[in-house]
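S.K.: Before I ask anything, let me first share the structure, which is written out below as structure tokens.
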Amino acid sequence: MTSEERAELLGDEWLIVRHSGEIPEITYHSSLYFLTEDGDGPRLRLTEGELQYLKDAAIQRYHEIVLRDIIIENFHKTIYRGVRRTLYNWHRCKVFEQRQSIPCDLFQKTVANQLLRFLEQGVAAAGKDLPQIFINCSVAQLYELAAGLGIETEQLPSGISEFCLEGKTIT
């Protein structure tokens, strides 16, 4: 295999991982399996740089889907899944980064700031451009997300529970 063919193959796998669905870690490991072990794959020995290249694709995808659902402009778009999905994707992202020994402190601050911005904008638009209950999780789940991001309850907008689902769980 030429270096150009190898680069093209890795580039294709990067695209697959980068544009994967809701759980990029699964696509990342599937890609590694295909590239290194699958009988129908090229059975490569990946360098540390190549592994990092594919990890970066998974991380970029995680970051994209975590932020996607706490950007107010996405609320009425078909890609929007809600704050509850941010909670799930944040946990998945954090676990993946911990398993890969990748620090997530900087991204955690980015998500925390974006969540606060989303909530402030949402409260201002609730009952107007957004439904009155625009947060698709319970206040307990919102507090869990906030705590996981290092946000104190007092930093959340006043009366935020009025905009959350209470006592309901959506699947």
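One rule links them: number in our numbering = place in the sequence shown (from 1) + 4. We treat Cβ as the ideally placed atom computed from N, Cα and C, and that holds for glycine.
Could you pull out every residue in the same chain whose Cβ sits closer than 7 Å to the Cβ of leucine 91, ignoring the five residues on either side in sequence?
M.R.: The count along the sequence shown starts at 1 and reaches residue 91 at position 87. Here the set comprises Cys141, Gln145, Glu148 and Leu149.
S.K.: How would you label arginine 65, buried or exposed, when you count the other beta carbons within 10 angstroms and need 16 or more for buried?
M.R.: Mapped onto the sequence shown, residue 65 falls at position 61. Under this definition arginine 65 is a buried residue.
S.K.: Helix, strand or coil for cysteine 168 per DSSP?
M.R.: The residue you call residue 168 lines up with position 164 of the sequence shown. Cysteine 168 falls in the strand class under three-state DSSP.
S.K.: Under three-state DSSP, which class holds isoleucine 83?
M.R.: Position 79 of the sequence shown, counted from the first residue, corresponds to residue 83. Note: isoleucine 83 maps to coil in three-state DSSP.
S.K.: For the pair the region 93-101 and the region 121-129, tell me if three or more CB-CB distances fall below 8 Å.
M.R.: Judged by Cβ distances under 8 Å, the region 93-101 makes no contact with the region 121-129, as fewer than three pairs qualify.
S.K.: Can you give me the Cβ contacts of arginine 88 inside the same chain, cut-off strictly under 6 Å, excluding the 5 residues immediately before and after it?
M.R.: By 1-based counting over the sequence shown, the position of residue 88 is 84. Same-chain partners within the cutoff: Asn140 and Cys141.
S.K.: Alpha carbon to alpha carbon, what distance is there between histidine 67 and leucine 110?
M.R.: Residue numbering aside, residue 110 sits at position 106 when the sequence shown is read from its first letter. Residue numbering aside, residue 67 sits at position 63 when the sequence shown is read from its first letter. Taking the straight line joining both Cα atoms gives about 11 Å.
S.K.: Below 8 Å on the Cβ atoms is my contact criterion, and I expect isoleucine 76 with alanine 116 to pass it. Report the Cβ-Cβ distance as a whole number of Å.
M.R.: Here residue 76 refers to the residue found at position 72 when the sequence shown is read from its first residue. Here residue 116 refers to the residue found at position 112 when the sequence shown is read from its first residue. Rounded, the Cβ-Cβ distance is 16 Å, inconsistent with contact.
S.K.: Does the beta-carbon of alanine 61 have 16 or more other beta-carbons within 10 angstroms, so that it is buried, or is it exposed?
M.R.: Working through the sequence shown from its first residue, we reach residue 61 at position 57. Its Cβ being crowded by 16 or more others within 10 Å, alanine 61 is buried.
S.K.: By the DSSP assignment, the alpha helix (DSSP H) with serine 7 in it spans what residues?
M.R.: Your numbering for residue 7 matches position 3 in the sequence shown. Residues 7-22.
S.K.: Quick check for students: name the residue ranges of the alpha helix (DSSP H) that lie wholly in the region 129-169, counting only runs of 4 or more.
M.R.: Whole alpha helix (DSSP H) segments, 4+ residues: 143-152.
S.K.: Keeping to the same chain, check which residues put their C-beta closer than 8 Å to that of lysine 172; ignore five residues upstream and five downstream.
M.R.: Residue 172 sits at position 168 when you count from the first residue of the sequence shown. Only weak support exists for where lysine 172 lies, its pLDDT of 45 falling under 50; the coordinates are left without a value.
S.K.: Do tyrosine 57 and leucine 14 come within 8 Å of each other at the CB atom, strictly closer than that value?
M.R.: Taking the first residue of the sequence shown as position 1, residue 14 is located at position 10. Taking the first residue of the sequence shown as position 1, residue 57 is located at position 53. Yes, the Cβ-Cβ distance between leucine 14 and tyrosine 57 is below 8 Å.
S.K.: Looking only at its chain, what residues have a beta carbon closer than 8 Å to the beta carbon of glycine 45, apart from the 5 residues adjacent to it on each side?
M.R.: Translated into the one-based positions of the sequence shown, residue 45 becomes position 41. Closer than 8 Å at Cβ, skipping near neighbours: Tyr37, Phe38 and Leu39.
S.K.: Could you check what DSSP says for glutamine 56 in three-state terms: helix, strand or coil?
M.R.: Working through the sequence shown from its first residue, we reach residue 56 at position 52. Three-state result, glutamine 56: helix.
S.K.: Just verifying my parser: in three-state terms, what is the DSSP assignment at glutamate 26?
M.R.: In the sequence shown, residue 26 corresponds to position 22, counting from 1. It is coil, neither helix nor strand.
S.K.: Helix or strand or just coil, what does DSSP make of isoleucine 69?
M.R.: Indexing the sequence shown from 1 puts residue 69 at position 65. Helix, per DSSP.
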